[in-house]
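Chains as they are written, first to last, in the working numbering: chain A, 1 to 138; chain B, 139 to 318.
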Amino acid sequence: MPQPGPPGQKTSLLVLEGMGFRVGQALGERLPREMLAFREELDVLKFLCKDLWGAVFQKQMDSLRTNHQGTYVLQDSSFPLLVRMGSGLQYLEEAPKFLAFTCGLLRGTLSTLGIKSLVTASVAALPACKFQVVIQRS
Amino acid sequence: MSRQANRGTESKKMSSELFTLTYGALVTQLCKDYENDEDVNKQLDKMGYNIGVRLIEDFLARSNVGKCHDFRETADVIAKVAFKMYLGITPSITNWSPAGDEFSLIMENNPLVDFVELPDSHSSLIYSNLLCGVLRGALEMVQMAVEAKFVQDALKGDGVTEIRMRFIRRIEDNLPVGEE
């Protein structure tokens, strides 16, 4: 994923992502077992889009797409952390700072649910953003 | 209990746990970034202040409370409306000074510290110091200079958590939104 901004920013984004990961892990561990009776991988992603997003942002993800080969694209047309920043292209460079934690959060929750993944986010125009989840199979 | 109702409760629980966990992650990271507890405390206060100067607008918009005429009214609004709105708890107000310029907020439980234990190596850490900064920043925006500090902390073995609020002075000048 291209990293705009000075090298220092790369480190801070990693730190934020790491924080989000640990929080996501802990959150996943606290969920009741009945809630996590998933039949398949797609159900887990749906859970993230509906339940996790609902609990964290009081809304659901707008769309979930997949190639059925382990890559998922989650789209939020009005991501709450970006909504108050602006709309359009202003602050595009700043946007990654507000997405890093959430990427980690998704990755951490997936991790507790037994799924190893790589999560990245991209913003074409505020406040819409896409989260890409790529399942890592060993 | 219907699945729908279950979902609502779970969502709320997840949301409050997320809040507690995120705050914990924040404090943990600050402890890594700064060498000593005093610096972390200062940083938490500063961050709280920056949050408070903006939070006040959200609070005023959502709560519809009118102007407070004295510090007693302010205390009531803080405890019964603000704390309830943002932390889901209602601290009690006690220990008014004879001059009516100081009081204590007593919290029986503090949502920021659920499942948190303070290790011995961080005995001077004021874990929830962000709250003091928020109170200071928010009140400054409504023309009140105050001091807020923790005098009892359940995290350190005290029975309750107590924030002492002290009114310093009314701010007369209309300064632009502060940032530290």
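Glycine is no exception: its CB is placed at the ideal position from the N, C-alpha and C atoms.
Asked	Found
Beta carbon proximity, L106/A to chain B, threshold 8 Å	no
G54/A: contacting residues in chain B (beta-carbon distance under 7 Å)	S149
Pick from V119/A, L118/A, T112/A that is closest to R33/A, judged by C-alpha positions	T112/A
Close Cβ partners of I306/B (< 7 Å) along its chain, the five nearest in sequence each way excluded	A283, V284, E285
Selection from V289/B, H207/B, V165/B that minimises the alpha carbon distance to G297/B	V289/B
Between the CA atoms of N202/B and E278/B - distance to the nearest angstrom	19 Å
In DSSP terms, what M19/A is bridged to	M19/A pairs with nothing; no bridge assigned.
Stretch-stretch touch, CB-based, cutoff 8 Å, three pairs: the segment 251-264 of chain B with the segment 173-186 of chain B	yes
Nearest residue (CA-CA) to F212/A, options G186/B, E155/B, E148/B	A query on residue 212/A cannot be resolved here, the shown segment of chain A reaching from 1 to 138 and no further.
Residue-chain proximity (L156/B, chain A), Cβ-Cβ < 8 Å	yes
Reduced DSSP secondary structure (H/G/I, E/B, other) of E285/B	strand
Cβ of E300/B within 8 Å of any chain A Cβ	no
Residue environment, S117/A, which counts as buried when at least 16 other CB atoms sit within 10 Å	buried
For I231/B, the residue or residues it bridges with in DSSP	L243/B
Sufficient close CB pairs (3 or more, under 8 Å) joining the segment 79-87 of chain A to the segment 96-110 of chain A	yes
Which of helix, strand or coil DSSP assigns to Y72/A	strand
Nearest-angstrom Cβ-Cβ length linking Q75/A and M61/A, presumed shorter than 8 Å	7 Å
Where the beta strand (DSSP E) through L193/B begins and ends	Per DSSP, L193/B belongs to no beta strand (DSSP E); it is in the alpha helix (DSSP H), 175-201.
Cross-strand partners of S261/B (DSSP beta bridge)	DSSP output for S261/B lists no bridge partner at all.
DSSP bridge partner residues for T66/A (one or two, in chain order)	Y72/A
Residues that I135/A bridges to, as DSSP identifies them	S117/A
First and last residue of the uninterrupted beta strand (DSSP E) at E300/B	299-308
Within chain A, partners of Q167/B - CB distance below 8 Å	V15, M19
Beta-carbon contacts of C169/B that lie in its chain and below 6 Å, excluding the five residues immediately before and after	V178
Cutoff 7 Å; reference F57/A; Cβ partners in own chain excluding five residues on either side	P80
Contact list for the segment 21-32 of chain A against chain B, Cβ threshold 8 Å	R22, V23, A26, L27, R30, L31, P32
Helix, strand or coil at S140/B [DSSP, three-state]	Here S140/B scores only 49 on pLDDT, less than 50, and its place in the model should not be relied on; the value that follows carries that caveat. It is coil, neither helix nor strand.
Proximity winner among K151/B, M303/B, G271/B, relative to G190/B (alpha-carbon distances)	G271/B
Selected residue, minimal CA-CA separation from L92/A, among I115/A, Y72/A, V123/A	V123/A
Cross-chain neighbours of D51/A in chain B, by beta carbon under 9 Å	R145, E148, S149, M152
Proximal chain A residues relative to L124/B, where beta-carbon distance stays under 9 Å	Only positions 139 to 318 of chain B appear in the structure, and residue 124/B is not among them; the question remains open.
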